[in-house]
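Numbering (the numbering used here), first residue to last: 11 to 219.
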């Protein structure tokens, strides 16, 4: 990856482009992020930077993390993420990464924790069809056949069944940056991104670009 930043999802709105067309966008408060640690091949076996984002009261941070931030000489942060960038030579501990690393027209991948839906049946979770609703079938929203009863006499692993839906790390690929507002640390991304409002997201240059 070439560039990346941590942000907080604010919500969705719409703006008008230069042709007067409505563009649905997600508003993300991205950065400023601070470089907390720089990892190199010599010391850690790979090149990466560790980045902190979001304010938090110091009393809510445990002693090991306090020492980690104190060693870097930066204030404590709520979130820590590690980015393996192609070139980390331009970054040093204490440097700030701001939203202006992106510009309008860039293609980005956005990652976040999807909204949790709780326990869901197969129709909601896997888009199964329902059974007949008439003549007392008692098979309206049931799972259906689990497999043969004689051989292998078990349910195969990863079979689509009812269970916990959502609340997993999700990435939406190849989204377009519509507008960047450095003075407000805000970036507008076309379309929807994972997670609820106020959720933490990671924005990085698209792997498909």
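Ideal placement from N, C-alpha and C gives every residue a C-beta, glycine not left out.
(message) Quick check on DSSP: helix, strand or coil for residue 77?
(response) Stepping through the chain shown from its first residue, residue 77 is reached at position 67. In this structure, residue 77 counts as helix in the three-state DSSP scheme.
(message) Is it the case that the stretch 124-136 contacts the stretch 184-197, given that we only count it when at least three CB pairs across the two stretches are under 8 angstroms?
(response) no
(request) For the beta strand (DSSP E) containing residue 144, list its first residue and its last residue. (result) As a position in the chain shown, residue 144 is number 134, starting the count at 1. Premise fails: residue 144 is in no beta strand (DSSP E) and is neither H nor E.
(message) Can you tell me whether residue 166 is buried or exposed? The criterion is at least 16 other CB atoms within 10 Å of its CB, across all chains shown.
(response) Taking the first residue of the chain shown as position 1, residue 166 is located at position 156. By the neighbour-count rule (16 or more Cβ atoms within 10 Å), residue 166 is not buried but exposed.
(request) Output yes or no for whether 8 angstroms exceeds the beta carbon distance between residue 187 and residue 116. (result) Your numbering for residue 187 matches position 177 in the chain shown. Your numbering for residue 116 matches position 106 in the chain shown. Yes, Cβ-Cβ distance for residue 187 and residue 116 is below 8 angstroms.
(request) Please say whether residue 100 and residue 202 have beta carbons closer to each other than 8 angstroms? (result) Translated into the one-based positions of the chain shown, residue 202 becomes position 192. Translated into the one-based positions of the chain shown, residue 100 becomes position 90. No, Cβ-Cβ distance for residue 202 and residue 100 is not below 8 angstroms.
(request) Take residue 58 as the anchor and find which of 52, 48 and 84 has the nearest alpha-carbon. (result) Position 48 of the chain shown, counted from the start, is the residue given in the question as residue 58. If we check each option's Cα against that of residue 58, 48 comes out closest.
(request) Return the first residue and the last residue of the alpha helix (DSSP H) that residue 135 is part of. (result) Walking along the chain shown from the start, residue 135 turns up at place 125. Note, residue 135: alpha helix (DSSP H), 132-136.
(message) Run through the DSSP bridge pairs and tell me what residue 232 is partnered with.
(response) Any question about residue 232 goes unanswered here, given that the chain covers just 11 to 219.
(message) Quick check on this structure: which residue in 122, 110, 171 and 97 has the alpha carbon closest to the alpha carbon of residue 91?
(response) What you label residue 91 is simply residue 81 of the chain shown in a count that begins at 1. Residue 91 has its Cα closest to that of 122, out of 122, 110, 171 and 97.
(message) Between which residues of its own chain and residue 41 is the CB-CB distance below 8 angstroms, once the five residues before and five after are set aside?
(response) Numbered from its first residue, the chain shown carries residue 41 at position 31. Closer than 8 angstroms at the Cβ level, and outside the excluded window around residue 41, lie 15, 16, 17, 63, 106, 107, 108, 109 and 195.
(message) Would the stretch 172-183 count as touching the stretch 125-132 if we require 3 or more Cβ pairs under 8 angstroms?
(response) yes
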